[in-house]
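Enquirer: One structure coming up, written as structure tokens, with questions to follow.
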Amino acid sequence: MGKIHVMDHPLIAHKISYIRSENVGTKEFREVIGEIAQLMCYEATRDLKTRDVNIKTPVAETTGKVLTGRKPAIVPILRAGVGMVDGMLSLMPAAKVGHIGLYRDPKTLEPVEYYCKLPADCEEREVFVVDPMLATGGSSTAAIRMLKEKGVAHIRFLCIIAAPEGVERMQKEHPDVDIYIGALDERLNEHGYIVPGLGDAGDRIFGTK
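The numbering of the sequence shown is this note's numbering, which starts it at 7 and goes up by one.
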């Protein structure tokens, strides 16, 4: 069963509070989104496997640890998820990056894939799916379903703000996926926006309000 990890780090809480303000401009918003993603990546990689290695320092020989096991891949959900990638790459510079694009069919209201480009060996990697907002959960659950259909088995999901409705849907449809949440908010409003939230993350990252 996948676990839900709601961040309790003071720096993450501080930075999320800062970007909630409608007075924060595009440049600052984009930069702080990256900083939050970096801090969340640190928490979300806490249980990665390591192995012992022998090291000769300038002073003595010692035993250190290096990462082992599955290599990472970062898969943002277009377009807002792109805002989290650089922050995560600053900690995992060797990670490969894929992209998934979805749109909502106006008749069925179901997510439809319009773009998907993944690393060739993605099914062998530890995949971090990222999107700043987990609102209804429609896009996130669809993206993870598409990854599973392509053979990806080891998936973690990172979001900066989540609504309880989206978390519940993720748990129902993908009970095997660990979810990392910067802040768990109150609810969705009648327009599907997270309350109190921070507005449309994509518009605020790219300045397209």
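Where a beta carbon is used, it is the ideal one built from N, C-alpha and C, also for glycine.
1. Assuming contact is defined by CB atoms lying nearer than 8 Å, are residue 26 and residue 79 in contact in what I supplied?
2. Where does residue 173 fall in DSSP's three states?
3. Out of 191, 192, 210 and 184, which one is the CA nearest neighbour of residue 50?
4. Can you grab the Cα-Cα spacing for the pair residue 214 / residue 34, in whole Å?
5. Would you list, in sequence order, the uninterrupted alpha helix (DSSP H) runs of no fewer than 4 residues that lie entirely inside the segment 73-122?
6. Using C-beta distances below 6 Å, list every residue in its chain close to residue 77, excluding the 5 sequence neighbours before and after it, in chain order.
7. Do the segment 87-105 and the segment 131-149 touch if we need at least three Cβ pairs shorter than 8 Å?
8. Could you please give me the residues that DSSP links to residue 139 through a beta bridge?
9. With burial defined as no fewer than 16 other Cβ atoms inside 10 Å of the residue's Cβ, what is the status of residue 138: buried or exposed?
10. Taking the continuous beta strand (DSSP E) assigned at residue 32, which residues delimit it?
11. Quick check on the burial criterion: 16 or more other C-beta atoms within 10 angstroms. Buried or exposed for residue 54?
Expert: With the structure as the only source:
1. As a position in the sequence shown, residue 26 is number 20, starting the count at 1. As a position in the sequence shown, residue 79 is number 73, starting the count at 1. No, these two residues do not count as a Cβ contact at 8 Å.
2. Indexing the sequence shown from 1 puts residue 173 at position 167. The answer is helix: DSSP assigns residue 173 an H, G or I state.
3. Taking the sequence shown and counting its residues from 1, one reaches residue 50 at position 44. Minimum Cα distance to residue 50 is reached at 184.
4. Indexing the sequence shown from 1 puts residue 214 at position 208. Indexing the sequence shown from 1 puts residue 34 at position 28. Spanning the two alpha carbons is a distance of roughly 15 Å.
5. If only complete runs of 4 or more residues are kept, the segment 73-122 shows the alpha helix (DSSP H) at 91-95, in order along the chain.
6. Residue 77 sits at position 71 when you count from the first residue of the sequence shown. Correct list, in chain order: 131.
7. yes
8. In the sequence shown, the residue the question calls residue 139 occupies position 133. Paired residue(s): 167.
9. The sequence position of residue 138 within the sequence shown is 132, counting from 1. With a threshold of 16 other beta carbon atoms within 10 Å, residue 138 meets it and is buried.
10. Looking up residue 32 in the sequence shown gives position 26. Segment 32-50 is the alpha helix (DSSP H) holding residue 32; no beta strand (DSSP E) there.
11. The residue given as residue 54 occupies position 48 in the sequence shown. Exposed, because fewer than 16 other Cβ atoms sit within 10 Å of the Cβ of residue 54.
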